[in-house]
Amino acid sequence: MLLKPKAKNARAKRFLVNRDPKIVENGKTALFVRGSTTSQVILDTLKDLYSLRKPDAINFTKKNEIHPFDSETSIEFFARKNDSSLFAVGMHSKKRPHNLVLGRTFNYNILDMIELGVERCTTMQQFKAQTCAIGMKPLMIFNGEAFNQNEDLARLKSILLDFFRGEAADKVSLKGLEYVITVTAGPAGANGETGLVFFRAYTTTLKKSGTRQPRVELEEMGPSLDLRVRRVRQPAEDMWKQAIKMPRELNVVKTKNISRDGLGDKYGRIHVGKQEINKIQTRKVKALKKHLDAKPSKRQKTSDDMADSD
Amino acid sequence: MDVTGILDEHKNRFKSIQVERLVPVEFDLGLLACFDVNMIDEAQLRASQKARDTYLQELSREGAQLMINELFSLPTTVDEDSVYATLPAIRTVLPREKPAPKEKPMTRWEKFAKIKNIQNKKKSRMVYDEDQGEWRPRFGFKGVNNDDQKPWLIEVPGNADPYDDQYKARREEKKERIDKNKRRAQRNFEENLAVEKGMKPRDMRKRELQSALVLSKGSTASMGKFDDKLAGEPKVKGLKRKFDPLVKNSDKEKSNNMEILNRVSKGEAKATGVVNVRKAQRAINNAKRSKKQE
């Protein structure tokens, strides 16, 4: 159990406050770890995923005795020390060749993880395309209805979205849409084995199309991975519920009674309550006073006479 | 004038941006993601690797085209030389990395400011110092307010002793202000702690005082039995001094004496068999460090 560090100067205090829970969180950092035995394929995969994830990524180059599905303590320790909530562990054994475990943590405890077998990997170096700048947000495409139907693939989709999300942004530069990641769910095998999941990454070039929207042309950038889902650890119900809970401050406050029409004019709506016109307090005018006894006044008589005379 | 010919020529010059999809594609533009549930051509995926990759690239291009079409139709803002599209809120539920922060209770000042509706006025970091003719920070290093040279002249106030050091008085006032601030911050901290535990601050202080009182009773040989009592002090039960019987079991007497001897000569760990892990670890670390330095 790690002791909570105490800050001895202002800089350390700022560092620790940055790691505290916040309303709007920092971008998630990913940690890339190697298992006790690795293969070239899995090392290439880790290296490429790390370069896609930069700058919010930490790469451990030394080998570690780490088995995420058997023991959680290693991962949780790393997550706490490095303040990383995403992790990728790569290892290789005869039983599970080219094994990649992707997962995420919540409050420094493992939330969920998925074990993938990398059946084929083409690295970024093998594609002669120009790589995009570091830190760009990718466009993500998930092809296949299996991502909605199959529980394991739905978990993979959620983890991959989190992994390649980049920093949260409410605006994006239309010039900065430089790369695309496509994940396609392949068909199930003939003997009932789960299908391959095809992970591809491309750089985009936007060409003129004569209309406002440009024409997209893609060039494969890498890495190109063929993955097979092995084991999946779904999150615990209560942990998931707590992780989804959004703080009240983030709830969007709906402005009521204000609307804009097509021309951009702003309209406001005022609700006036029920008015009792009889009881409205106005300035007192004696002439308008209602007499309790309906006595015809002298003046009225004379006007009547005048009317009669005419 | 027949312009259809020219229009067709113009259209044919550029490649189409339309993409046909049977089932409309779902977008989550806040994440720059799209989810396509259309049927995939399985034959292509089972074919050779090259055919598969070409098919996947085609699929991806169409998906990317659809997304670019959507993104370019979003409301935009122009900033310097780039055009930004305002993204809508995220629709997929993604988990946070840490739980939401607990709401901190308001400090005394915050409560007061809320009642009086006092707004926080933002002050700038730099202030123009006319004497030196340059911008200096309002506080901190080389700040305007902690310069000992300023003011170069202090008038003695009407009611003060003319022989008093006014500069000293200023410095002491500043120290007092700092101490006051620290005391208030400490008070806020204690009040916050009490509120988090669900007690009123006054009750918490009362409890702390009572526990300190009980502890202090143990420092007298008679366990505070004959101490002067305060008004309203509660009676403490069970605080007695324990004496061993005069005639003890000989084995027990021997083990007690050996324990005392071991404690004095060899240490607490050897005597009682209980090891303070933290101290032991620190001793080991210190030894390692001193060995490294050699």
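So the sequence lines, in the order shown, correspond to chains A and B. For the first sequence, our numbering gives the first residue as 1, with consecutive numbering after it. For the second sequence, our numbering gives the first residue as 311, with consecutive numbering after it. Ideal Cβ placement from N, Cα and C applies to all residues, glycine included. Keep in mind that this is a model prediction, so the values were computed, not measured.
Thinking C-alpha only, which one of the options is nearest residue i?
i: Ser36/A; options: Asp48/A, Ile23/A, Pro21/A, Ile66/A; result: Ile66/A
i: Leu31/A; options: Glu276/A, Thr123/A, Asn9/A, Ser51/A; result: Ser51/A
i: Asp170/A; options: Ala399/B, Pro405/B, Lys424/B; result: Ala399/B
i: Pro138/A; options: Asp439/B, Gln429/B, Glu420/B, Gly340/B; result: Gly340/B
i: Glu543/B; options: His320/B, Gln520/B, Ser392/B; result: Gln520/B
i: Arg401/B; options: Val437/B, Ala343/B, Asn379/B; result: Ala343/B
i: Leu540/B; options: Asn430/B, Pro511/B, Leu523/B; result: Leu523/B
i: Trp462/B; options: Gln354/B, Gln476/B, Pro409/B; result: Gln476/B
i: Pro187/A; options: Thr204/A, Arg155/A, Glu145/A, Ala287/A; result: Glu145/A
i: Met91/A; options: Met136/A, Val33/A, Thr38/A, Lys254/A; result: Thr38/A
i: Met514/B; options: Lys598/B, Phe499/B, Gly528/B, Gly453/B; result: Phe499/B
i: Gln359/B; options: Arg120/A, Lys284/A, Asp261/A; result: Arg120/A
Does any residue of chain B bring its CB to less than 8 Å from the CB of residue i?
i: Phe198/A; result: yes
i: Thr131/A; result: no
i: Met1/A; result: Low local confidence applies: a pLDDT of 49 at Met1/A is under 50, so the model's placement there is unreliable, and no value is given.
i: Asp152/A; result: no
i: Lys45/A; result: The sequence shown places Thr at residue 45/A, not Lys. Answer no: the Cβ-Cβ gap between Thr45/A and chain B never drops below 8 Å.
i: Gly144/A; result: yes
i: Ser173/A; result: yes
i: Ser259/A; result: no
i: Glu25/A; result: yes
i: Pro5/A; result: no
i: Lys245/A; result: yes
i: Asn64/A; result: no
i: Phe106/A; result: yes
i: Ile277/A; result: no
i: Tyr50/A; result: no
i: Tyr202/A; result: yes
Consider the Cβ of residue i: report whether some Cβ of chain A lies at a distance smaller than 8 Å.
i: Glu407/B; result: yes
i: Asn290/B; result: Residue 290/B lies beyond the residue range present for chain B, which begins at 311 and ends at 604; the question has no answer from this structure.
i: Ser370/B; result: yes
i: Arg356/B; result: yes
i: Ala343/B; result: yes
i: Phe314/B; result: A quick correction: the sequence has Thr, not Phe, at residue 314/B. No - not a single Cβ of chain A is within 8 Å of the one on Thr314/B.
i: Ala395/B; result: yes
i: Ala410/B; result: yes
Exposed or buried, residue i, counting other C-beta atoms within 10 Å across all chains shown (16 or more means buried)?
i: Ser600/B; result: exposed
i: Asp20/A; result: exposed
i: Ala395/B; result: buried
i: Ser392/B; result: exposed
i: Phe345/B; result: buried
i: Glu372/B; result: buried
i: Ala593/B; result: exposed
i: Asp436/B; result: The residue asked about is misnamed: residue 436/B is Met in this sequence, not Asp. Exposed is the call here.
i: Pro214/A; result: buried
i: Asp489/B; result: exposed
i: Gln442/B; result: exposed
i: Gly268/A; result: exposed
i: Tyr202/A; result: buried
i: Arg155/A; result: buried
i: Gln375/B; result: buried
i: Leu556/B; result: exposed
i: Tyr438/B; result: exposed
Residue i versus chain B: which residues are under 9 Å apart at the beta carbon?
i: Gly210/A; result: His320, Lys321, Arg323, Phe324, Ile327
i: Gly264/A; result: Neighbours of Gly264/A on chain B: none; closest Cβ ~12 Å, over 9 Å.
In chain B, which residues lie less than 8 Å from residue i when you measure between Cβ atoms?
i: Thr184/A; result: Ile350, Leu355, Leu366, Leu369
i: Arg215/A; result: Phe324, Lys325, Ser326, Ile327, Gln375
i: Asp162/A; result: Leu404, Pro405
i: Arg165/A; result: Leu341, Leu404
i: Met140/A; result: Leu341, Leu342, Ala343, Cys344
Residue i versus chain A: which residues are under 9 Å apart at the beta carbon?
i: Tyr473/B; result: Going along chain A, no residue has its Cβ under 9 Å from Tyr473/B, so there is no contact; the nearest lies around 41 Å.
i: Phe449/B; result: None at all; the shortest Cβ gap to chain A is about 14 Å.
i: Ser392/B; result: Ser173, Leu174, Lys175, Gly176
Give the residues of chain A in contact with residue i, contact being defined as C-beta atoms less than 8 Å apart.
i: Ala593/B; result: Simply none; closest approach about 17 Å.
i: Thr387/B; result: Lys171
i: Tyr477/B; result: None at all; the shortest Cβ gap to chain A is about 29 Å.
i: Phe382/B; result: Leu174, Arg212, Gln213, Pro214
I want to verify the contact list: residues of chain B whose CB lies under 7 Å from the CB of residue i, in sequence order.
i: Val180/A; result: Ser370, Ala374
i: Gln242/A; result: Pro409
Name, please, each residue of chain A whose Cβ falls closer than 7 Å to the Cβ of residue i.
i: Val347/B; result: Glu145, Asn148
Touching by the beta-carbon criterion (3+ pairs, under 8 Å), the region 154 to 166 of chain A and the region 106 to 121 of chain A: yes
Three or more C-beta pairs under 8 Å: does that hold for the region 529 to 542 of chain B against the region 451 to 458 of chain B? no
Between the region 127 to 138 of chain A and the region 206 to 225 of chain A, do three or more beta carbon pairs fall short of 8 Å? yes
Touching or not, the region 87 to 107 of chain A and the region 406 to 420 of chain B, by the rule of three or more beta carbon pairs under 8 Å? Segments in contact, yes.
Check whether the region 247 to 266 of chain A touches the region 198 to 214 of chain A, counting contact only when three or more Cβ pairs, one atom from each stretch, lie closer than 8 Å. no
Are three or more beta carbon pairs between the region 375 to 393 of chain B and the region 77 to 90 of chain A nearer than 8 Å? no
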